[in-house]
């Protein structure tokens with residue numbers, strides 16, 4: 259009987275192959291910057307998030323013109339821009355991590371990454387352009 | 725993709741009941757996972773009734789009583805019966821631990837459920853296939869690597885340097901931690917898991933090893949290391965009270981300190 263159909267032959271093939279499978283394509287030698295981005299953006303979001311919540315609560319008393327006037331100042335506009343960057347970066351690394359955990363297979367993970375990039379770019383651009391439009395008074 | 729239901733061939737059947745002969749004051753049901761590669765049957769939970777007055781105090785004693793007196797075909801691993809070899813690691817009432825260190829009395833009322841370490845291929849009954857874990861252990865090259873010529877005597881180490889190995893060397897490789905880790909469940913083909921990363925850390929903190937950089941290179945990978953999300957199941961279940969989660973955090977910190 260050839261090895262490929264003999265159960266003990268299959269076991270022998272599997273045993274000799276297991277280290278090769280575990281070594282896979284080797285270490286990617288990356289992950290540190292993503293891990294750091296996750297930590298740094300989390301720290302940045304503590305003051306920026308507090309500032310965002312307090313600002314939104316205060317803005318509830320303003321009409322649209324008042325809110326626009328507030329956001330046309332450099333400091334609120336800058337902090338709002340930073341808040342958008344930090345929260346999108348944090349959401350991106352977090353969701354990419356979730357995708358790595360749960361979405362297996364080359365096609366699925368590629369689709370997930372592309373979708374995430376697209377969402378981050380569209381949302382980021384929309385947020386940045388909105389803030390800049392008001393700041394520059396157009 | 726993560727699996728939320730068991731595959732068809734893993735779904736449990738109600739198994740056979742092995743009733744006790746005669747009356748017993750302290751009767752306890754042991755529900756034990758049974759599966760054999762022969763016959764193509766789905767796994768089942770057999771129920772063994774055990775008289776605790778005629779059985780040793782540990783879960784492993786009950787398992788030995790089953791193979792000795794009730795059903796000799798039950799397969800499980802065991803060797804030292806004192807928490808040193810790590811062979812009898814299994815899932816007892818939903819928690820990975822060593823059968824030899826678990827008092828039956830501590831398990832409360834109701835039946836005792838015994839199943840193999842979760843999310844592993846089962847070879848038979850309570851025996852999981854650990855070959856992937858052993859290969860991952862080989863991957864981290866768990867031996868002293870030092871380019872300096874070997875001295876005439878032992879390589880010296882200060883007491884403080886020796887202390888850093890504490891909390892690492894005690895690991896018995898029972899794999900209760902790795903098989904309790906959801907990250908390891910979903911990505912055990914690529915994530916090294918807490919047991920192996922604890923051992924990787926054991927060589928990273930050893931002052932006599934001077935291949936730290938190469939070791940960190942091999943570990944710095946989104947899957948090998950960074951699938952750890954500090955879920956901490958590893959530290960919760962470790963029957964030797966070790967802290968693999970802390971060791972993994974140490975590896976991440978070392979990688980971060982490189983620049």
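Protein chains in written order, with our numbering: chain A, 259 to 396; chain B, 725 to 983.
Where a beta carbon is used, it is the ideal one built from N, C-alpha and C, also for glycine.
Reduced DSSP secondary structure (H/G/I, E/B, other) of residue i
{"i": "residue 838 of chain B", "result": "strand"}
{"i": "residue 768 of chain B", "result": "strand"}
{"i": "residue 789 of chain B", "result": "helix"}
{"i": "residue 910 of chain B", "result": "helix"}
{"i": "residue 753 of chain B", "result": "strand"}
{"i": "residue 208 of chain A", "result": "Limits of chain A in this structure are 259 at one end and 396 at the other, which puts residue 208 of chain A out of reach."}
{"i": "residue 782 of chain B", "result": "strand"}
{"i": "residue 826 of chain B", "result": "coil"}
{"i": "residue 865 of chain B", "result": "coil"}
{"i": "residue 741 of chain B", "result": "strand"}
{"i": "residue 851 of chain B", "result": "strand"}
{"i": "residue 876 of chain B", "result": "coil"}
{"i": "residue 361 of chain A", "result": "coil"}
{"i": "residue 729 of chain B", "result": "coil"}
{"i": "residue 773 of chain B", "result": "strand"}
Per-residue contacts from residue i into chain A (C-beta, under 7 Å)
{"i": "residue 914 of chain B", "result": "282"}
Euclidean distance between Cα positions of residue i and residue j
{"i": "residue 760 of chain B", "j": "residue 852 of chain B", "result": "12 Å"}
{"i": "residue 758 of chain B", "j": "residue 798 of chain B", "result": "8 Å"}
{"i": "residue 978 of chain B", "j": "residue 283 of chain A", "result": "23 Å"}
{"i": "residue 314 of chain A", "j": "residue 392 of chain A", "result": "16 Å"}
{"i": "residue 335 of chain A", "j": "residue 329 of chain A", "result": "5 Å"}
{"i": "residue 384 of chain A", "j": "residue 356 of chain A", "result": "24 Å"}
{"i": "residue 970 of chain B", "j": "residue 958 of chain B", "result": "10 Å"}
{"i": "residue 837 of chain B", "j": "residue 905 of chain B", "result": "20 Å"}
{"i": "residue 768 of chain B", "j": "residue 847 of chain B", "result": "14 Å"}
{"i": "residue 877 of chain B", "j": "residue 750 of chain B", "result": "59 Å"}
{"i": "residue 259 of chain A", "j": "residue 793 of chain B", "result": "Note on residue 259 of chain A: pLDDT 47, under 50, position unreliable in the model; the coordinate value appears next. Roughly 40 Å between the two C-alpha positions."}
{"i": "residue 278 of chain A", "j": "residue 948 of chain B", "result": "15 Å"}
{"i": "residue 879 of chain B", "j": "residue 294 of chain A", "result": "36 Å"}
{"i": "residue 376 of chain A", "j": "residue 370 of chain A", "result": "10 Å"}
{"i": "residue 235 of chain A", "j": "residue 861 of chain B", "result": "An answer regarding residue 235 of chain A cannot be provided, because it is not within the stretch 259 to 396 covered by chain A."}
Chain-ordered neighbours of residue i on chain B, where CB pairs are closer than 7 Å
{"i": "residue 293 of chain A", "result": "950, 976"}
{"i": "residue 276 of chain A", "result": "855, 856, 859"}
{"i": "residue 273 of chain A", "result": "855"}
Outcome for residue i when other beta-carbon atoms lying within 10 angstroms are tallied against a minimum of 16
{"i": "residue 298 of chain A", "result": "exposed"}
{"i": "residue 266 of chain A", "result": "exposed"}
{"i": "residue 923 of chain B", "result": "buried"}
{"i": "residue 868 of chain B", "result": "exposed"}
{"i": "residue 341 of chain A", "result": "buried"}
{"i": "residue 261 of chain A", "result": "Note that residue 261 of chain A scores a pLDDT of 48, beneath 50, so its modelled location is shaky and nothing firm can be said."}
{"i": "residue 893 of chain B", "result": "exposed"}
{"i": "residue 271 of chain A", "result": "exposed"}
{"i": "residue 728 of chain B", "result": "exposed"}
Contact set between residue i and chain B, taken where Cβ atoms lie within less than 9 Å
{"i": "residue 279 of chain A", "result": "856, 859, 913"}
Chain B residues whose Cβ lies nearer than 8 Å to that of residue i
{"i": "residue 288 of chain A", "result": "944, 945, 946"}
{"i": "residue 285 of chain A", "result": "941, 942, 943, 944, 945, 948"}
Contact set between residue i and chain A, taken where Cβ atoms lie within less than 9 Å
{"i": "residue 863 of chain B", "result": "277, 280, 281"}
To test your reading of the DSSP string, which unbroken beta strand (DSSP E) runs of 3 or more residues are found completely within the stretch 883–947 of chain B? none
Unbroken stretches of the alpha helix (DSSP H), 4 residues or longer, contained in the stretch 284–321 of chain A: Taken in chain order, the complete alpha helix (DSSP H) segments of 4 residues or longer contained in the stretch 284–321 of chain A are 290–317.
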